[in-house]
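Undergrad: Quick one: the structure is below, questions incoming.
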Amino acid sequence: MLSIRGLKVAVEGKEILGGIDLEVPAGEVHAIMGPNGSGKSSLAYVLAGREGYEVTAGEVSFDGLDLLGLAAEERARRGLFLAMQYPVELPGVNNMSFLKASLNAIRQARGEPEMGAPSFLKQLRETARHLKLDEKLLQRSVNAGFSGGEKKRNEILQMAMLEPRLAILDETDSGLDIDALRTVADGVNALRSPERAMLVVTHYQRLLDYIVPDRVHVLAGGRILRSGGKALALELEERGYGWILEEAAA
Amino acid sequence: MSLVSPVAERFRALVERQLAARPAGGPVWLEAQRSAAARRLAELGMPERRQEAWRYTSIEPLLGQPFDPAAEAESRPDLDQIRSLLLAETEGTRLVLLNGRHAPALSSLGRAGAVSVGSLRDALREGSGERARLLGSLAGPGEHAFSALNTVLAQDGALIRIPEETAQEQPIELLHLSMPTLQPGVVQPRHLVLVEPRARARLVERFVALGEPLYFNNLVSEILLGDSAELEHERLQAESPHAFHLSVVHLAQAAGSRYRGVVAALGAAWSRTDLKVRFDGPGAECALDGLYLAGDGQLVDMHLDVHHAVPGCTSRQSFRGILDGRGRAVFDGRVRVERQAQKSDARLTNANLMLSRSAEIDTKPQLEIFADDVQCSHGTSVGQLDADALFYLRSRGLSLADARRMLCMGFAREVLDAFRVGGLRDRSEALLAHRLERGPQGQRPGD
Numbered sequence: 001m002l003s004i005r006g007l008k009v010a011v012e013g014k015e016i017l018g019g020i021d022l023e024v025p026a027g028e029v030h031a032i033m034g035p036n037g038s039g040k041s042s043l044a045y046v047l048a049g050r051e052g053y054e055v056t057a058g059e060v061s062f063d064g065l066d067l068l069g070l071a072a073e074e075r076a077r078r079g080l081f082l083a084m085q086y087p088v089e090l091p092g093v094n095n096m097s098f099l100k101a102s103l104n105a106i107r108q109a110r111g112e113p114e115m116g117a118p119s120f121l122k123q124l125r126e127t128a129r130h131l132k133l134d135e136k137l138l139q140r141s142v143n144a145g146f147s148g149g150e151k152k153r154n155e156i157l158q159m160a161m162l163e164p165r166l167a168i169l170d171e172t173d174s175g176l177d178i179d180a181l182r183t184v185a186d187g188v189n190a191l192r193s194p195e196r197a198m199l200v201v202t203h204y205q206r207l208l209d210y211i212v213p214d215r216v217h218v219l220a221g222g223r224i225l226r227s228g229g230k231a232l233a234l235e236l237e238e239r240g241y242g243w244i245l246e247e248a249a250a
Numbered sequence: 001m002s003l004v005s006p007v008a009e010r011f012r013a014l015v016e017r018q019l020a021a022r023p024a025g026g027p028v029w030l031e032a033q034r035s036a037a038a039r040r041l042a043e044l045g046m047p048e049r050r051q052e053a054w055r056y057t058s059i060e061p062l063l064g065q066p067f068d069p070a071a072e073a074e075s076r077p078d079l080d081q082i083r084s085l086l087l088a089e090t091e092g093t094r095l096v097l098l099n100g101r102h103a104p105a106l107s108s109l110g111r112a113g114a115v116s117v118g119s120l121r122d123a124l125r126e127g128s129g130e131r132a133r134l135l136g137s138l139a140g141p142g143e144h145a146f147s148a149l150n151t152v153l154a155q156d157g158a159l160i161r162i163p164e165e166t167a168q169e170q171p172i173e174l175l176h177l178s179m180p181t182l183q184p185g186v187v188q189p190r191h192l193v194l195v196e197p198r199a200r201a202r203l204v205e206r207f208v209a210l211g212e213p214l215y216f217n218n219l220v221s222e223i224l225l226g227d228s229a230e231l232e233h234e235r236l237q238a239e240s241p242h243a244f245h246l247s248v249v250h251l252a253q254a255a256g257s258r259y260r261g262v263v264a265a266l267g268a269a270w271s272r273t274d275l276k277v278r279f280d281g282p283g284a285e286c287a288l289d290g291l292y293l294a295g296d297g298q299l300v301d302m303h304l305d306v307h308h309a310v311p312g313c314t315s316r317q318s319f320r321g322i323l324d325g326r327g328r329a330v331f332d333g334r335v336r337v338e339r340q341a342q343k344s345d346a347r348l349t350n351a352n353l354m355l356s357r358s359a360e361i362d363t364k365p366q367l368e369i370f371a372d373d374v375q376c377s378h379g380t381s382v383g384q385l386d387a388d389a390l391f392y393l394r395s396r397g398l399s400l401a402d403a404r405r406m407l408c409m410g411f412a413r414e415v416l417d418a419f420r421v422g423g424l425r426d427r428s429e430a431l432l433a434h435r436l437e438r439g440p441q442g443q444r445p446g447d
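Just so you know, the sequences run in chain order A and B. Residue numbers for the first sequence follow our numbering, beginning at 1 and rising by one. Residue numbers for the second sequence follow our numbering, beginning at 1 and rising by one.
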């Protein structure tokens with residue numbers, strides 16, 4: 001479903017991704033792990049279409065389409081979703097109206113009819129309940145004044161409502177206590193399906209206890225240094241990242 | 001004066017043309033007031049850019065127009081169209097001014113109860129104008145040529161009196177309707193609002209047009225709040241895109257009175273609003289929220305002057321502006337705190353959102369504080385839409401245009417939500433959304 005080949009990216013002339021190759025088939029969950037500053041979040045942003053990243057080489061195809069040629073909203077409409085590490089606060093923008101506009105923009109692009117208010121509300125309330133997200137937050141401004149955990153739940157709520165083909169979760173565990181982590185992970189796991197792929201970007205192995213990946217990739221210095229099964233994550237937890245960096249340098 | 005510039009000549013011609021329509025008769029005090037204002041007008045001359053209050057506001061676009069003080073309506077008003085403009089909340093408490101004149105047939109005043117709402121013209125004619133003698137008590141002969149002109153020429157408007165201890169829950173509306181005239185018209189409405197001690201009322205003021213006529217609305221309002229009186233005053237300026245609009249609102253607050261105002265300036269090609277607040281007794285509170293939008297060829301000017309002359313009063317002004325295309329706006333927020341006005345609490349903020357590089361804002365908060373035991377602050381910002389916020393919305397499937405509109409509406413939300421009259425909030429919101437959707441074009445100064 002997602003196929004990245006030789007992807008090199010620079011920001012203001014400085015290379016931050018130095019040739020990434022990655023295949024994520026439908027139905028699989030892949031984890032990207034790595035130390036701080038390794039380029040993990042940049043990879044997530046480049047895939048989602050944030051401005052300010054210059055692709056200097058390589059290509060990315062998503063369901064056979066040239067992903068890099070699409071605007072951010074086009075990617076979202078074709079089923080890509082990025083749960084952000086730092087969800088943006090939007091004062092004055094009502095959470096519920098925003099999500100409804102978003103859902104209908106995506107449905108329209110898929111050639112589906114707009115979702116009416118009653119079924120939207122029903123589905124939204126149910127999803128919020130599963131994620132233990134206070135319903136009052138739905139009536140507030142998007143993320144404004146939300147706690148760190150509430151923001152992360154709100155991201156997963158959006159993901160559940162928008163039903164993406166490819167979900168990228170960027171440091172979704174940061175700032176969550178263990179109970180919140182479980183709830184969020186349950187929400188994510190409920191979305192696992194044979195038609196859907198996920199890319200879980202994380203610094204710590206902890207999240208992967210709850211969202212068990214099919215493959216783990218270690219990203220450092222803008223390159224994938226090693227890939228393996230879920231055991232690799234446990235090894236990283238035990239030994240840190242140093243040994244992989246040393247092996248790569250050798 | 002020996003040298004007369006072509007601009008000053010055009011101004012003189014404009015004024016003379018208006019003065020030909022000077023009303024005569026009426027009570028002696030009124031005639032004396034007109035004469036004083038006429039002398040003042042002659043002294044003041046044309047508002048010029050070298051005067052601080054007009055530094056960023058050119059009146060030249062006004063001078064090119066052949067405004068006729070006696071312009072006749074092109075046709076009879078279309079009642080269905082008017083009906084579609086009405087607010088359900090003010091049924092029975094609505095005074096309509098059609099092209100500046102009280103229109104009894106369009107007004108609906110059956111539910112005003114103990115409150116007296118009527119036309120100033122009637123009050124003066126019937127000699128029952130005792131209350132009307134307060135006319136001019138705040139505005140004086142006028143502090144610029146246009147307010148002086150209004151004082152000389154005003155013949156109609158509203159006289160509203162909320163008697164002592166009365167609570168008027170249903171909002172009273174002054175609906176200023178403008179419809180096309182055979183020549184571009186000029187009107188000089190004049191309002192006097194008296195909220196007597198311990199009385200409470202809500203006032204809605206709207207400026208709307210049928211079609212897109214060219215006219216000049218030159219308005220002066222005086223609002224007097226007695227001891228512990230309360231007024232909620234919500235104002236929507238949605239004039240025709242060709243219109244010129246100048247309103248001066250004087251507010252005087254006695255001890256313990258409370259005023260809460262919301263203003264949205266979303267229409268007109270050229271508009272200026274002067275809000276002048278004076279505290280006359282301690283413990284009074286004044287809170288004002290404002291919103292303005294300026295697109296191509298449009299000028300919006302907001303002048304605030306809040307005068308803390310007595311101790312222990314509170315003022316809050318929070319204004320937000322959106323500027324698009326080649327739109328221009330001026331925000332001048334002056335707060336004066338006199339030496340004796342200890343324990344004053346004054347806060348002023350102005351935030352501006354620039355949607356284009358060609359738009360221009362001149363924002364000038366001025367705090368003049370002569371007392372030492374006060375809490376005063378001001379803050380001004382000029383910014384653009386946040387790139388991270390735009391990306392966030394687009395990453396959820398919204399187009400760039402939709403994302404921009406959503407953020408603009410979010411920026412305006414605080415002010416829109418300050419409208420407590422639901423119908424007025426909805427109309428303001430719809431108008432803002434409509435204009436944002438249409439883009440910066442659409443405002444045409446008198447073409």
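Positions of the beta carbon are idealized from the N, C-alpha and C atoms, including for glycine.
Considering Val-15(B), what are the terminal residues of the alpha helix (DSSP H) in which it resides?
TA: 6 to 19 is the span of the alpha helix (DSSP H), which, as asked, contains Val-15(B).
Undergrad: What's the gap between the Cα of Gly-222(A) and the Cα of Pro-35(A)?
TA: If I take the Cα positions, the gap works out to 11 Å.
Undergrad: Determine the closest residue to Glu-212(B) out of Thr-181(B), Ser-5(B), Cys-376(B), Gly-92(B), with distance taken between C-alpha atoms.
TA: Nearest of Thr-181(B), Ser-5(B), Cys-376(B), Gly-92(B) to Glu-212(B), Cα basis: Thr-181(B).
Undergrad: Out of Gly-100(B), Glu-89(B), His-303(B), Arg-121(B), point me to the one whose CA is closest to Ala-209(B)'s CA.
TA: Of the listed residues, the one whose Cα sits closest to Ala-209(B) is Gly-100(B).
Undergrad: Under the three-state reduction of DSSP, which class applies to Ile-4(A): helix, strand or coil?
TA: Strand, per DSSP.
Undergrad: Taking 6 Å as the limit between beta carbons, can you name the residues of its chain near Asp-465(B), skipping five residues before and five after?
TA: Beyond the ends of chain B as shown, which are 1 and 447, falls residue 465(B); an answer cannot be given.
Undergrad: So, are the CB atoms of Arg-278(B) and Ala-252(B) less than 7 Å apart?
TA: Yes, these two residues count as a Cβ contact at 7 Å.
Undergrad: Examine chain B for any beta-carbon lying closer than 7 Å to the beta-carbon of Ala-233(A), and answer yes or no.
TA: Answer no: the Cβ-Cβ gap between Ala-233(A) and chain B never drops below 7 Å.
Undergrad: In angstroms, rounded to a whole number, what distance separates the CA positions of Glu-508(B) and Leu-266(B)?
TA: Summary: the structure shown does not reach residue 508(B), with chain B confined to residues 1 through 447, and so no result is reported for it.
Undergrad: I'd like the list of long-range same chain contacts for Ala-132(B), defined as Cβ closer than 7 Å, with 5 residues on each side in sequence excluded.
TA: Answer for Ala-132(B): Leu-120, Ala-123, Leu-124, Leu-159, Leu-192, listed in chain order.
Undergrad: Starting from Met-159(A), trace the alpha helix (DSSP H) in both directions and tell me its first and last residue.
TA: Note, Met-159(A): alpha helix (DSSP H), 148 to 162.
Undergrad: For the segment 177 to 214 of chain A, which segments carrying the beta strand (DSSP E) assignment without a break, of at least 3 residues, lie completely within its bounds, in sequence order?
TA: Listed in chain order, they are 197 to 202.
Undergrad: In this structure, does DSSP put Lys-343(B) in helix, strand or coil?
TA: Correct three-state label for Lys-343(B): coil.
Undergrad: Tell me whether the beta-carbon of Glu-232(B) lies closer than 7 Å to the beta-carbon of Arg-202(B).
TA: Taking 7 Å as the Cβ cut-off, Glu-232(B) and Arg-202(B) qualify as a contacting pair.
Undergrad: Which residues in the same chain as Ala-112(B) place their Cβ atom closer than 6 Å to its Cβ, once the five residues preceding and following it in sequence are excluded?
TA: Within the same chain, Ala-112(B) has close Cβ partners Thr-93.
Undergrad: Taking the continuous alpha helix (DSSP H) assigned at Ser-221(B), which residues delimit it?
TA: First-last for Ser-221(B): 215 to 225, but that is the beta strand (DSSP E), not the alpha helix (DSSP H).
Undergrad: The beta strand (DSSP E) with Trp-270(B) in it runs from where to where?
TA: Segment 270 to 279, the beta strand (DSSP E) holding Trp-270(B).
Undergrad: What residues of chain C sit near Val-88(A), judged by a beta carbon separation below 7 Å?
TA: The question asks about chain C, but that chain is absent: this structure's protein chains are A and B.
Undergrad: If you draw a straight line from the C-alpha of Tyr-53(A) to the C-alpha of Pro-6(B), how long is it?
TA: Looking at the two C-alpha atoms, the distance is approximately 56 Å.
Undergrad: Tell me whether the beta-carbon of Ser-107(B) lies closer than 7 Å to the beta-carbon of Arg-161(B).
TA: Cβ distance not < 7 Å, so Ser-107(B) and Arg-161(B) don't count as in contact.
Undergrad: How long is the line joining the alpha carbons of Arg-192(A) and Leu-398(B), rounded to whole angstroms?
TA: Rounded to the nearest angstrom, the two C-alpha atoms are 25 Å apart.
Undergrad: Taking the alpha carbon of Ser-58(B) as the point to measure from, which residue in Pro-241(B), Asp-280(B), Val-300(B), Pro-282(B) has its own alpha carbon closest?
TA: Ser-58(B) has its Cα closest to that of Val-300(B), out of Pro-241(B), Asp-280(B), Val-300(B), Pro-282(B).
Undergrad: CA-CA distance, Val-60(A) and Arg-153(A)?
TA: If you take the alpha carbons of Val-60(A) and Arg-153(A), they lie about 29 Å apart.
Undergrad: Can you tell me where the beta strand (DSSP E) with Ala-265(B) in it begins and where it stops?
TA: Run containing Ala-265(B): 258 to 265, per the beta strand (DSSP E) assignment.
Undergrad: Output the distance between the C-alpha atoms of Tyr-86(A) and Leu-194(B), rounded to the nearest integer angstrom.
TA: Going from the Cα of Tyr-86(A) to the Cα of Leu-194(B) covers about 53 Å.
Undergrad: Here's a check: name, in chain order, each residue in its chain whose Cβ is nearer than 6 Å to the Cβ of Arg-75(A), leaving out the five neighbours to either side.
TA: Hits under 6 Å: Gly-49.
Undergrad: Assuming Ser-141(A) and Val-88(A) make a contact with CB atoms under 8 Å, what is their CB distance in whole Å?
TA: Ser-141(A) to Val-88(A), Cβ: 11 Å. No contact.
Undergrad: Answer yes or no: do His-307(B) and Arg-336(B) have a C-beta to C-beta separation smaller than 7 Å?
TA: Yes, Cβ-Cβ distance for His-307(B) and Arg-336(B) is below 7 Å.
Undergrad: Taking only beta carbons into account, state which residues of the segment 43 to 64 of chain B come closer than 9 Å to chain A, listed in chain order.
TA: Residues: none.
Undergrad: Can you list the alpha helix (DSSP H) stretches of 4 or more residues lying completely in the segment 42 to 87 of chain A, in chain order?
TA: Listed in chain order, the complete alpha helix (DSSP H) runs (minimum 4 residues) inside the segment 42 to 87 of chain A are 72 to 77.
Undergrad: Can you tell which of Asn-104(A), Ile-156(A), Pro-91(A), Thr-56(A) has its C-alpha closest to the C-alpha of Glu-73(A)?
TA: Among Asn-104(A), Ile-156(A), Pro-91(A), Thr-56(A), the Cα nearest to that of Glu-73(A) is on Asn-104(A).
Undergrad: Unbroken beta strand (DSSP E) runs of length 3 or more, entirely within the segment 76 to 104 of chain B: which are they?
TA: Fully enclosed beta strand (DSSP E) runs of 3 or longer: 94 to 98.
Undergrad: Give every residue of the same chain whose Cβ lies closer than 8 Å to the Cβ of Ile-244(A), excluding the five residues on either side of it in the sequence, and list them in chain order.
TA: Counting only Cβ-Cβ distances below 8 Å, and skipping sequence neighbours, we find Val-218, Ala-220, Leu-225, Arg-226, Leu-236.
Undergrad: So which residues of chain B does Phe-62(A) contact, with C-beta pairs closer than 8 Å?
TA: Within 8 Å Cβ-Cβ: nothing; Phe-62(A) doesn't reach chain B, min ~14 Å.
Undergrad: Mind pulling the chain A residues with CB within less than 9 Å of Phe-411(B)?
TA: Correct list: Pro-91, Gly-92.
Undergrad: In whole angstroms, give me the CA-to-CA distance for Asp-447(B) and Leu-225(B).
TA: With a pLDDT of only 36 at Asp-447(B), under 50, the local geometry of the prediction cannot be trusted, and the value read off the model is given with reservation. Computed Cα separation, rounded: 41 Å.
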